[in-house]
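Visitor: According to my numbering, the sequence shown is numbered sequentially starting from 1.
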Amino acid sequence: MAVQIKDSGIVDTNAKDFPILAVNVLDRLGYKVDRASKQLDQILATERLDEQIGQDWWRHEYRVVLRWRVASKGGMLVNIEMEERKGGATESECQRRCDKIMLELQKDAERVEEAKTHKEKSTVYGSASWGTEQDLRAKGYFQKQADAKRLIIGRNANNEFIQVPEFWTHAHAIICGRTGVGKSRGFFFPQLIERIATSMIVTEATPGYEDGELYKLTSGWRQMAGHKIYCFNPADMSSNRINPIDRIRHAREEEKAGIAEKLADLVIMNGESSEGRGDQTWNRSEKLLLIPLLLHAAAGDPKRGHFGALRWLLAEGPDGLAKVLKESPSRVARMEFQGWMRLAGETNFKYGVFSGLITKLNPWMTDQMITLTETTDIDLDAMAKQLFTFYLAVPSRSKDSKLIGSLMMNFLLDHILEIRERMKYPLTMLLDEFTNFGKISGIGDTLSIIRKNKIGLILGFQNYAQLEQVYSKREAQIIIDMPATQVYFKQKNFQEARDLSEAIGRTTVEEATVGDSGRVQESIQGRHLITPDELISLDRQVIVFTADTKPLKLPLTDPLAYEHALSYDAPKRDKHKVSDFVMNRGQVEDEPPKSKPEPAKPAPPKETKPPEPAPKPKAGEPKAEKPKETKPATMNEQPDKGARAPEISETKDEGRRPTPKRPNEAPDYDL
Numbered sequence: 001m002a003v004q005i006k007d008s009g010i011v012d013t014n015a016k017d018f019p020i021l022a023v024n025v026l027d028r029l030g031y032k033v034d035r036a037s038k039q040l041d042q043i044l045a046t047e048r049l050d051e052q053i054g055q056d057w058w059r060h061e062y063r064v065v066l067r068w069r070v071a072s073k074g075g076m077l078v079n080i081e082m083e084e085r086k087g088g089a090t091e092s093e094c095q096r097r098c099d100k101i102m103l104e105l106q107k108d109a110e111r112v113e114e115a116k117t118h119k120e121k122s123t124v125y126g127s128a129s130w131g132t133e134q135d136l137r138a139k140g141y142f143q144k145q146a147d148a149k150r151l152i153i154g155r156n157a158n159n160e161f162i163q164v165p166e167f168w169t170h171a172h173a174i175i176c177g178r179t180g181v182g183k184s185r186g187f188f189f190p191q192l193i194e195r196i197a198t199s200m201i202v203t204e205a206t207p208g209y210e211d212g213e214l215y216k217l218t219s220g221w222r223q224m225a226g227h228k229i230y231c232f233n234p235a236d237m238s239s240n241r242i243n244p245i246d247r248i249r250h251a252r253e254e255e256k257a258g259i260a261e262k263l264a265d266l267v268i269m270n271g272e273s274s275e276g277r278g279d280q281t282w283n284r285s286e287k288l289l290l291i292p293l294l295l296h297a298a299a300g301d302p303k304r305g306h307f308g309a310l311r312w313l314l315a316e317g318p319d320g321l322a323k324v325l326k327e328s329p330s331r332v333a334r335m336e337f338q339g340w341m342r343l344a345g346e347t348n349f350k351y352g353v354f355s356g357l358i359t360k361l362n363p364w365m366t367d368q369m370i371t372l373t374e375t376t377d378i379d380l381d382a383m384a385k386q387l388f389t390f391y392l393a394v395p396s397r398s399k400d401s402k403l404i405g406s407l408m409m410n411f412l413l414d415h416i417l418e419i420r421e422r423m424k425y426p427l428t429m430l431l432d433e434f435t436n437f438g439k440i441s442g443i444g445d446t447l448s449i450i451r452k453n454k455i456g457l458i459l460g461f462q463n464y465a466q467l468e469q470v471y472s473k474r475e476a477q478i479i480i481d482m483p484a485t486q487v488y489f490k491q492k493n494f495q496e497a498r499d500l501s502e503a504i505g506r507t508t509v510e511e512a513t514v515g516d517s518g519r520v521q522e523s524i525q526g527r528h529l530i531t532p533d534e535l536i537s538l539d540r541q542v543i544v545f546t547a548d549t550k551p552l553k554l555p556l557t558d559p560l561a562y563e564h565a566l567s568y569d570a571p572k573r574d575k576h577k578v579s580d581f582v583m584n585r586g587q588v589e590d591e592p593p594k595s596k597p598e599p600a601k602p603a604p605p606k607e608t609k610p611p612e613p614a615p616k617p618k619a620g621e622p623k624a625e626k627p628k629e630t631k632p633a634t635m636n637e638q639p640d641k642g643a644r645a646p647e648i649s650e651t652k653d654e655g656r657r658p659t660p661k662r663p664n665e666a667p668d669y670d671l
């Protein structure tokens with residue numbers, strides 16, 4: 001009669017290693033593996049042996065079935081069925097064999113784990129591997145409380161913050177991810193909510209003409225934490241106002257020309273359309289014309305010292321502008337403009353340069369933009385002692401966003417670098433969608449200067465192609481290579497995913513599998529540490545490169561983690577009003593508009609009085625002659641055309657301005 005025993009136990013290993021481990025144990029104990037099923041997670045094995053008892057020989061046939069699954073508390077739950085089919089064995093013998101198999105499985109599992117600790121991994125096809133929690137802990141990345149001076153890149157299962165060391169935080173970071181992958185809630189919100197002990201400059205692009213998401217959801221929290229909140233948004237008339245020309249006005253005399261040149265460079269560089277990047281002759285001439293205009297605006301009446309007023313001046317044409325700049329309070333402006341007039345040559349070229357520069361200043365056609373940039377209403381010196389957050393937003397759909405954004409960004413950056421040594425609090429620049437804020441001239445040098453001033457810079461953009469739309473290939477590569485920390489979100493394009501997969505690297509994979517026949521097959525091959533399709537389907541994780549660890553695959557911050565902090569209302573501000581001076585383009589006080597000539601009115605009828613009797617002539621005086629009566633012309637009688645001036649028409653000439661006389665020597669410009 002057949003004897004059957006069932007038993008179970010826990011083996012501390014994983015589902016991948018267990019089949020190999022089981023086949024080796026059964027083979028060592030004398031069992032022959034007949035079949036292994038991956039679908040059922042089961043192995044069938046038998047042992048046949050002959051045993052002599054006295055003078056008799058007994059044949060035993062033991063049949064073993066191993067089944068396994070992952071245990072709820074770790075390891076593998078193994079079920080063993082032992083059956084002696086010939087009926088020559090006892091239950092105790094079958095139980096002993098079950099115990100022996102289970103014991104050997106557990107011992108071999110321990111040997112495997114021990115071997116992994118000292119076994120050198122093959123690097124034939126590559127050596128890339130993921131950084132571990134032990135690696136991060138050894139480098140000091142874990143903090144129980146968020147450190148305001150350190151970049152947050154995630155949290156672990158124990159809710160500890162994973163933060164880049166301060167030295168590498170100052171070496172900058174890039175955040176790359178398309179719209180909708182969770183950049184704001186997964187990365188930017190943790191910086192703005194947790195790091196409240198550092199001042200911040202924050203940029204963002206809005207889809208339309210509304211408040212930015214970062215400002216709307218985080219400014220209330222940071223204000224509650226003691227921050228002075230500033231905001232510039234060209235679509236919001238309650239914004240703080242900034243006049244970029246004030247940088248020239250308040251600079252030392254010997255520095256004004258250099259600042260004017262830099263400001264002119266920003267206007268020409270970011271006001272240029274992508275179609276007009278061929279011949280640079282026009283751009284150079286426009287820049288040389290704009291420099292004296294900026295110096296003149298900074299030296300004169302502050303009421304006319306803004307970009308809107310410069311556009312009004314350009315509308316006067318070369319001769320009109322020459323008359324104004326001839327009396328400019330800036331000596332350098334007078335000299336530079338005279339030099340430009342001599343070098344510009346023919347009249348048509350001058351008008352072409354004027355036209356091109358006016359076009360680049362088109363953002364200042366609107367009353368709203370002039371109002372927001374006609375003055376600076378921020379106490380810039382007070383920022384050195386303040387804990388502040390400055391939000392900059394531009395509409396991404398506006399064709400003028402790059403020019404406005406670049407002027408405001410560079411205005412703030414220059415001022416921050418000027419007061420950095422006097423600043424009481426640390427500073428971080430959180431520049432999301434920074435390509436919408438135009439081109440930063442000399443990006444490589446700028447990044448180095450910011451780093452030396454211990455300012456942590458975080459650049460957020462969507463992909464490499466977006467960088468190349470604003471910067472050259474060489475500059476775009478500098479932006480990718482220089483930052484010490486790089487964070488990549490879920491990829492949406494196969495080409496981008498493939499490039500990232502190549503950057504992470506390849507690894508050597510040693511595999512051992514059990515075939516259907518029960519044979520162990522070992523192989524060694526290479527593969528990407530993470531493939532492009534795995535990057536495209538990345539779920540709630542980010543890929544992080546740091547300066548002193550292996551690549552990291554970290555969990556994305558829970559979108560609902562900061563709901564309470566995001567519920568505070570943004571600060572309220574009064575809206576600015578457009579002045580009459582701006583609405584009338586500066587002609588309200590200084591140049592009142594000429595009044596229209598009034599049409600001629602008929603003379604009022606004279607009162608008729610009864611004729612007075614003529615005085616009697618005195619003796620000796622001649623008699624006075626009576627005046628001849630003038631008869632009105634009838635239909636058949638025409639008046640004498642040369643006898644009187646023609647009457648002014650009351651209908652045709654109404655609203656017509658008088659035409660000024662043009663001197664004969666005035667040049668004939670073809671407008």
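Glycine included, C-beta positions come from ideal geometry on N, C-alpha and C.
Rounded to a whole number of angstroms, what is the C-alpha to C-alpha distance between Asn79 and Phe18?
Guide: The count along the sequence shown starts at 1 and reaches residue 79 at position 79. The count along the sequence shown starts at 1 and reaches residue 18 at position 18. The straight-line gap from Cα to Cα measures roughly 13 Å.
Visitor: My understanding is that Trp130 touches Lys553, with C-beta atoms under 8 Å, so please give their C-beta distance in whole angstroms.
Guide: For the purposes of this step, residue 130 is taken as residue 130 along the sequence shown, with counting starting at 1. For the purposes of this step, residue 553 is taken as residue 553 along the sequence shown, with counting starting at 1. About 6 Å separates the two Cβ atoms, so the contact holds.
Visitor: Once you ignore the five residues that flank Ala384 on each side, which residues in its own chain have a CB closer than 6 Å to its CB?
Guide: Within the sequence shown, residue 384 is the residue found at index 384, counting from 1. Result list for Ala384: Ile419, Arg422, Met423, in chain order.
Visitor: Determine which residues share a DSSP beta bridge with Arg155 and list them.
Guide: Here residue 155 corresponds to residue number 155 of the sequence shown, with the count starting at 1. Arg155 pairs with Phe161.
Visitor: Compare the Cα-Cα distances from Ser472 to each of Gly444, Arg304, Ile450, Glu104 and report the closest residue.
Guide: Locating residue 472 in the sequence shown gives position 472, where the first residue counts as 1. Per the Cα distances, Gly444.
Visitor: Please return the same chain residues whose Cβ sits closer than 8 Å to the Cβ of Asp590, not counting the five positions on each side in sequence.
Guide: Stepping through the sequence shown from its first residue, residue 590 is reached at position 590. No answer about Asp590 holds up, because its pLDDT of 48 lies below 50 and its placement is not dependable.
Visitor: Please tell me whether Val164 and Thr546 are closer than 8 Å, where the distance is taken between their beta carbons.
Guide: Counting from one through the sequence shown, the residue named residue 164 turns up at place 164. Counting from one through the sequence shown, the residue named residue 546 turns up at place 546. The answer is yes: Cβ separation under 8 Å.
Visitor: Who are the Cβ neighbours of Arg656 in its own chain at under 7 Å, not counting the five residues just before and after it?
Guide: For this step, residue 656 is matched to residue 656 along the sequence shown. Because the pLDDT at Arg656 is just 44, under 50, the model does not fix this residue reliably, and the value given afterwards should be weighed accordingly. There are no such residues.
Visitor: Closer than 8 Å by C-beta to Ser441: which residues in its own chain qualify, once you throw out the five before and the five after it? Chain order, please.
Guide: Taking the first residue of the sequence shown as position 1, residue 441 is located at position 441. If we look at Ser441 and ignore the five residues flanking it on each side, its Cβ neighbours are Lys262, Asp265, Leu266, Met269.
Visitor: Counting only the same chain and skipping the five closest in sequence on each side, list residues whose C-beta sits under 7 Å from that of Asn453.
Guide: In the sequence shown, counting from the first residue as 1, residue 453 sits at position 453. Closer than 7 Å at Cβ, skipping near neighbours: Leu417, Arg420.
Visitor: Could you give the DSSP three-state label for Gly518: helix, strand or coil?
Guide: For the purposes of this step, residue 518 is taken as residue 518 along the sequence shown, with counting starting at 1. The answer is coil: DSSP assigns Gly518 none of H, G, I, E or B.
Visitor: Our contact map puts Leu556 next to Ala128 with C-beta atoms below 8 Å; I'd like the distance itself, whole angstroms only.
Guide: Along the sequence shown, read from residue 1 onward, the residue named residue 556 stands at position 556. Along the sequence shown, read from residue 1 onward, the residue named residue 128 stands at position 128. Actually they are not in contact, since the Cβ atoms of Leu556 and Ala128 sit about 22 Å apart, beyond 8 Å.
Visitor: For Val578, name the three-state secondary structure that DSSP assigns.
Guide: Taking the first residue of the sequence shown as position 1, residue 578 is located at position 578. The answer is coil: DSSP assigns Val578 none of H, G, I, E or B.
Visitor: Between Arg178 and Leu535, what straight-line distance do the alpha-carbon atoms span, to the nearest angstrom?
Guide: Start at 1 with the first residue of the sequence shown, and residue 178 comes out as number 178. Start at 1 with the first residue of the sequence shown, and residue 535 comes out as number 535. Rounded to the nearest angstrom, the two C-alpha atoms are 13 Å apart.
Visitor: Output the distance between the C-alpha atoms of Ala197 and Pro244, rounded to the nearest integer angstrom.
Guide: Position 197 of the sequence shown, counting from 1, holds the residue named residue 197. Position 244 of the sequence shown, counting from 1, holds the residue named residue 244. So the alpha carbons of these two residues sit roughly 28 Å apart.
Visitor: With distance defined between alpha-carbon atoms, name the residue in Arg67, Thr375, Val324, Tyr568 nearest to Ala36.
Guide: Looking up residue 36 in the sequence shown gives position 36. For Ala36, the nearest C-alpha among the options comes from Arg67.
Visitor: Please report how far the alpha carbon of Arg334 lies from the alpha carbon of Asp580, in whole angstroms.
Guide: Residue 334 sits at position 334 when you count from the first residue of the sequence shown. Residue 580 sits at position 580 when you count from the first residue of the sequence shown. Their backbone Cα atoms lie some 30 Å apart in a straight line.
Visitor: Relative to the C-alpha of Lys183, which residue among Glu433, Glu93, Arg284, Asp533 is closest?
Guide: Here residue 183 refers to the residue found at position 183 when the sequence shown is read from its first residue. Out of Glu433, Glu93, Arg284, Asp533, Glu433 has the C-alpha closest to the C-alpha of Lys183.
Visitor: My output table needs one value for Pro318: the three-state DSSP class, helix, strand or coil.
Guide: By 1-based counting over the sequence shown, the position of residue 318 is 318. Reduced to three states, the DSSP call for Pro318 is helix.
Visitor: When you compare the segment 496-515 with the segment 104-114, are there three or more beta-carbon pairs, one atom per stretch, that lie closer than 8 Å?
Guide: In short, these stretches do not touch, since the Cβ pair count stays below three.
Visitor: Count the other CB atoms within 10 Å of the CB of Arg222; is the residue buried (16 or more) or exposed (fewer)?
Guide: The residue labelled residue 222 in the question sits at position 222 within the sequence shown. Classification of Arg222: buried, given that the 10 Å Cβ count is 16 or more.
Visitor: Throw me the rounded Cβ distance for the Lys139 and Thr549 pair, which I believe falls under 8 Å.
Guide: Mapped onto the sequence shown, residue 139 falls at position 139. Mapped onto the sequence shown, residue 549 falls at position 549. Confirmed, about 6 Å.
Visitor: Would a C-beta distance cut-off of 8 Å place Ile101 and Leu21 closer than the cut-off?
Guide: Residue 101 sits at position 101 when you count from the first residue of the sequence shown. Residue 21 sits at position 21 when you count from the first residue of the sequence shown. Not in contact: Ile101 and Leu21 (Cβ atoms no closer than 8 Å).
Visitor: What is the rounded straight-line gap between the Cα of Ala205 and the Cα of Asp414?
Guide: The residue given as residue 205 occupies position 205 in the sequence shown. The residue given as residue 414 occupies position 414 in the sequence shown. Approximately 21 Å between the Cα atoms of the pair.
Visitor: Are the Cβ atoms of Tyr230 and Phe390 separated by less than 8 Å?
Guide: Mapped onto the sequence shown, residue 230 falls at position 230. Mapped onto the sequence shown, residue 390 falls at position 390. Contact flag set, yes.
Visitor: Measure the C-alpha to C-alpha separation of Asp668 and Tyr464 and round it to an integer number of angstroms.
Guide: The residue given as residue 668 occupies position 668 in the sequence shown. The residue given as residue 464 occupies position 464 in the sequence shown. Since pLDDT at Asp668 reaches only 44, below the 50 mark, its modelled position is unreliable, and no value is offered.
Visitor: Could you tell me whether the Cβ atoms of Val324 and Leu313 are closer together than 8 Å?
Guide: For the purposes of this step, residue 324 is identified with residue 324 of the sequence shown, where counting begins at 1. For the purposes of this step, residue 313 is identified with residue 313 of the sequence shown, where counting begins at 1. Cβ distance < 8 Å, so Val324 and Leu313 count as in contact.
Visitor: Go through its chain and collect everything with a Cβ distance to Asn283's Cβ below 6 Å, but skip five positions before and after it.
Guide: Counting from 1 along the sequence shown, the entry for residue 283 is found at position 283. Ile268, listed in sequence order.
Visitor: Check this for me: beta carbons of Ala235 and Tyr209, under 8 Å apart or not?
Guide: Within the sequence shown, residue 235 is the residue found at index 235, counting from 1. Within the sequence shown, residue 209 is the residue found at index 209, counting from 1. Yes; because the gap between Cβ atoms is below 8 Å, this pair is in contact.
Visitor: Under DSSP, the beta strand (DSSP E) around Thr203 begins and ends at which residues?
Guide: The residue labelled residue 203 in the question sits at position 203 within the sequence shown. It spans 199-206 - the beta strand (DSSP E) in which Thr203 sits, taken as one unbroken run.
Visitor: Would you mind working out which of Gln368, Gln39, Pro571 sits nearest Arg585, comparing C-alpha positions?
Guide: Counting from one through the sequence shown, the residue named residue 585 turns up at place 585. If we check each option's Cα against that of Arg585, Gln368 comes out closest.
Visitor: If we define contact as Cβ-Cβ less than 8 Å, is Ile248 a contact residue for chain B?
Guide: Judged by its chain identifiers, the structure shown contains no chain B, having just a single protein chain.
Visitor: Compare the beta carbon distance of Cys673 and Glu84 with 8 Å and say whether it is the shorter of the two.
Guide: The question about residue 673 has no answer here: the residues shown for the chain are numbered 1 through 671.
Visitor: Do you know how far the Cα of Arg311 is from the Cα of Asp499?
Guide: Translated into positions along the sequence shown, residue 499 becomes position 499. Translated into positions along the sequence shown, residue 311 becomes position 311. About 46 Å.
Visitor: What does Asn79 pair with, by DSSP beta-bridge criteria?
Guide: Position 79 of the sequence shown, counting from 1, holds the residue named residue 79. Ser8, Arg67, per the DSSP bridge assignment.
Visitor: Measuring alpha carbon to alpha carbon, tell me which of Gly320, Ala257, Tyr31, Gly317 ends up nearest Ile291.
Guide: Your numbering for residue 291 matches position 291 in the sequence shown. With distances taken between Cα atoms, Ile291 lies closest to Ala257.
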